[in-house]
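Engineer: Sequence lines, in order, name chains A, B and C. End of the first sequence sits at 319 in our numbering; the numbers just go up one at a time, nothing left out. End of the second sequence sits at 300 in our numbering; the numbers just go up one at a time, nothing left out. End of the third sequence sits at 242 in our numbering; the numbers just go up one at a time, nothing left out.
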Amino acid sequence: MTGTLSYLAFFLTEVLVNFIAVLGLNVQWGFAGLFNVGVAGFVGIGAYVSALLTVPPWHGAPGPGHVGGLGLPVLVGWAGAVLASAASAAVVGVATLRLRADYLAIGTFGIAVALHELAANAQGLTGGPFGIAFIPHLLAAVPPGGLARGLLDLAITALAAGAAWLVIDRITAGPFGRALRALAQDEAAAASLGCDPRRLRIQAMALGAAAMGLAGAVQASLIGYIAPGNFVPILTFQVWAMLVVGGVGSHRGALFGAFAIWGLWSAAGSLFAAILPPSMATGGASLRIVAIGVTIAISLLWRPRGLSPPGRIVSRFLR
Amino acid sequence: MNPQFLADGILTGALLGLGGVGLTLAYSILRFANFVHGDFLTVGAYAALVVAGALSQFLGGSGIGPFSFGWPLIIALPVAMAATGALALLLDWLLFRRLRRRGEEIVLVMASFGASLAVRSLIEFAFTPEPKYYSHDLQIAMPLGFSVRATPDQLAVVVLAGVAGIALHILLTRTAMGRAMRAVAENPALARVAGIDPARVVRATWWLGGGLAALAGVFLGLTVQIRPYMGFDLLLPLFAGVILGGVGSVPGALAGGMIVGVAEALAVPFIGAAWRGGVAFLLLLAVLLVRPQGLFGMER
Amino acid sequence: MTTLAVENIVAGYEKGLPIVRGVSFAVAAGEIVTLLGPNGAGKSTLAKAVAGLVPEREGDILLDGARVTVPAHALVRAGIAFVPQTENVFARMTIRENLEIGAAVLPRPRRAGRIAALLETFPALATRPTLPAGRLSGGQRQMLAIARALIPEPRVRLLDEPSAGLSPALVSGVFSDIAAIAAKGVAVVLVEQNVAAALGIAHRALVLVEGRVAHDGPAAPLRDGKLLARLFLGHVEGAEAA
């Protein structure tokens, strides 16, 4: 019973962490029509920056020549993560947003690849392949393991997700969101009404990446350990699948999508573990990725606006 | 400056150029950044591995002359190119064609990103992540002067990549299909008015792009190793080369790939071999900021 | 002898928003019919609809009495050639390559002969056939576009504002070329803003107002301008009344 509850708490915590990242992608794609292929990179920036800010100077990763952390409070680390992700997204935006839409895709893909390389190789800074351990928990007094900690983690994540939802919903329901929607509908018309398209898009990129950075920071502090392998293209793809399945442009849909895809992902993992012999464990992991890929392809073909379309938001502006 | 790095860079550059040609054609004719293209290289390499493996049962596995490969791989090469072209057409038929009709380019990019992941994972499932080789014979690098050494395979790859580039240039400038492809790339509406069937051009583009990717993949497998991520890991340098050369320009893709390959190789002695992606990314950012239309491209 | 017949065309870019609202007309071999009308009357959309380039289209196109059902890219082969108003040459390809694209719909043995014949008709293009079309002047581009479309010897030519962006001196040259084309038995549909020049060579004029035919008759009586002004102004008054 306790085990099931613990697992449920862990499962929901993961759903909510992902939901924070999906919220960010929803700002970029759902509202501004910006295609970001580097979600994993921005989540990774958040995780690494928060880790470097909060890890105590005497700990750090076992890698040789590690510079160690600054030992700052966890919430300062989260704030730093949000800012660093937003700033790096703005840089990519400045370079690519005056060009064709798919240059942004290539640019964000590039930053994710380059950052993964940085995480995997800059041993002195990131611990290289060893990653960074001993990342402080928000409430360090509660010992790890057990149901209490699991429920606490869930509560912390729910608070962070709720805060992110509130802030992003406020921003996207206000003039900024309206300007973004106008821009996505008709760029020339929006520009003639005084919106600066490039600036708006860079802001949307930065706002979305800020949420992704927060997701990375929360995850890092809950698990206490990060490594380059956590921030690979499959993460980008999961977040995309969550958004597309849940319904592009709808924050509630993002929550539903995070739940559905993370559920599918976990279930597929258990299923393949059960039916495949242990020798084929890597094969099972590959098949799981194929399952997600096929899911997104089918939802793109079948329901391009997702399973839970944002009727409320569209009708408010179109009627 | 050690000229050996330059020689290595030229080899990488030739492969990037060859892979980039298909990417730039697809980009300009089909009008989307195709993230599966890197995995087409992988598919081609594994297809050749399977075919060559089966053929070596009958033809024997020894190499011809100084090369590590023999008739099995030479016969497998066109088969792998055709198989990869067929896979590209299949993906188009299942996925891209339907999304293209809806007219949202960026959804195509997203679909290609997903397809890339699925294709790569299927290969990983079928062949395991362990690296494979066309031949386990060790090749001795020959001295070429100026303290540069290269294996016969590497020299063959550079020469064949050059030949493929020239053949492609002739195809695009001297044949009706080549002109039709360039016409659709430049102005699809006018091409239709002028009597060019867009569906035929799209099919030809997938065949050509897939085939050339497979060629680059086999060459990559021959000179490095065959891994499920071999093509995907090249995708960023491929995009960098294509944009550097100017999207849609075949000479640009060849030159851009060469520049990226040489730049990566020249950076190795200063920052180490692990930073190749970072070099490609910085080059990409620099091009986008300074000259987004690329070296050979036009404003679009 | 009617070459092209257009029957009850309704066409537009979105469902339920037709720009051309039920237009019929016919063009005989050797005849030049000009489509006139105020801005937004649907002249260009009508020409594009006949060429199969408009997503929403109802009605029939008949060539020599037979219904045309082929997709846009096959119309050239069927004998209907459309020359767009702008971007009507492949700027990154040479003059010769542009002509070769036009010739690609012909059987192989006829291609070289037709290209040579067109270069003879337009000697200005023959001087530097390897020049990229993007480096040509506006008049030469228009000439190249017309030449490219003439290579397969179409029986119907649809020209969308061939005088757009040309200096008056060039306009008369282009229009005398068009008259010469029609004289060889080609049915020409000419969409024009330059009313005087179009009426100068046209046999018949169709005045479109708000997507419908307001007048269909010989071109000559329209040349003094009064009837035309009444038709155009009638549209404005009608709009105000509505």
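All C-beta atoms in this analysis are idealised placements derived from N, C-alpha and C, irrespective of residue type, glycine included. These figures come from a predicted structure and were not determined experimentally.
1. When the distance is taken between beta carbons, is G269/A closer than 9 Å to G253/A?
2. To the nearest angstrom, report how far apart V294/A and W302/A are at their CA atoms.
3. Could you check what DSSP says for I151/C in three-state terms: helix, strand or coil?
4. Do you know offhand how far R155/C's Cα is from I181/C's?
5. For a cutoff of 9 Å on Cβ pairs, would you count G102/C as touching chain B?
6. Run down chain B in chain order and give the residues with a C-beta less than 9 Å from the C-beta of Y103/A.
7. Quick check: the Cα distance between A176/B and A147/C, rounded to an integer number of angstroms?
8. Consult DSSP for F82/C and reduce its assignment to one of helix, strand or coil.
9. Using the Cα positions of M1/C and D64/C, report the straight-line distance between them to the nearest angstrom.
10. Return the Cβ separation of V27/A and L207/A in integer angstroms, given the expectation that the two are a contact with Cβ distance under 8 Å.
11. Report the three-state DSSP secondary structure of H137/A (helix, strand or coil).
12. With DSSP run on the structure shown, which of helix, strand or coil describes F296/B?
13. Residue ranges of each alpha helix (DSSP H) run of no fewer than 4 residues wholly in the stretch 29–67 of chain B, ordered along the chain?
14. Helix, strand or coil for M142/B per DSSP?
15. Run through chain B and tell me which residues come within less than 7 Å of V105/C, C-beta to C-beta.
16. Quick one, are the C-beta atoms of V109/B and T42/B less than 9 Å apart?
17. Which chain C residues sit within Cβ distance under 7 Å of P198/B?
18. Does L150/C come within less than 9 Å of chain B when only Cβ atoms are used?
19. V23/C to D224/C, Cα distance in whole Å?
20. Measure the beta-carbon distance from E87/C to N34/B and round it to whole angstroms, keeping in mind my assumption that it falls under 8 Å.
21. Please confirm if the stretch 78–92 of chain A is in contact with the stretch 233–249 of chain B, defined as three or more CB-CB distances below 8 Å between the two stretches.
22. Could you tell me whether the Cβ atoms of A220/A and L288/B are closer together than 9 Å?
23. Hey, how far is the Cα of G9/B from the Cα of R31/B?
24. How long is the line joining the alpha carbons of P107/C and D60/C, rounded to whole angstroms?
25. Could you tell me the distance, in whole angstroms, from the CA atom of L12/A to the CA atom of V82/A?
26. Which parts of the stretch 40–98 of chain C are runs of the alpha helix (DSSP H), unbroken and 4 residues or longer, counting only runs that do not cross its ends?
27. Of the residues A45/B, G60/B, V36/B and D153/B, which one's Cα is nearest the Cα of L90/B?
28. Excluding the 5 residues preceding and the 5 following G13/B in the sequence, name in chain order all residues of the same chain whose CB lies nearer than 6 Å to its CB.
29. How many Å lie between L238/B and V248/A at the Cα?
30. Give the C-beta separation of L206/C and V76/C to the nearest angstrom, bearing in mind that I take them to be a contact with Cβ-Cβ under 8 Å.
31. Would you say E186/B lies against chain C (beta-carbon separation less than 9 Å)?
32. How would you list, in chain order, the residues of chain B whose beta-carbon sits under 7 Å from the beta-carbon of E117/A?
33. At a CB distance below 9 Å, what residues from the stretch 82–94 of chain C approach chain B? Give them in sequence order.
34. Could you work out which residues of chain B lie near L53/C, taking near to mean beta carbons separated by less than 9 Å?
35. Does DSSP put T151/B in a helix, a strand or coil?
36. How would you label D102/A, buried or exposed, when you count the other beta carbons within 10 angstroms and need 16 or more for buried?
Structural biologist: Quick answer:
1. no
2. 12 Å
3. coil
4. 10 Å
5. yes
6. A33, I243, L288 and P292
7. 18 Å
8. strand
9. 8 Å
10. 5 Å
11. coil
12. coil
13. 37–59
14. strand
15. G195
16. no
17. H73
18. no
19. 25 Å
20. That pair is no contact at about 26 Å.
21. no
22. no
23. 30 Å
24. 29 Å
25. 22 Å
26. 43–50 and 75–78
27. V36/B
28. G257, M258, G261 and V262
29. 30 Å
30. That belief does not hold up - the Cβ atoms of L206/C and V76/C are roughly 24 Å apart, past 8 Å.
31. yes
32. A274, W275, G277 and G278
33. F82, V83, P84, E87, N88, V89, F90, A91, R92 and M93
34. A189, R192 and V193
35. coil
36. buried
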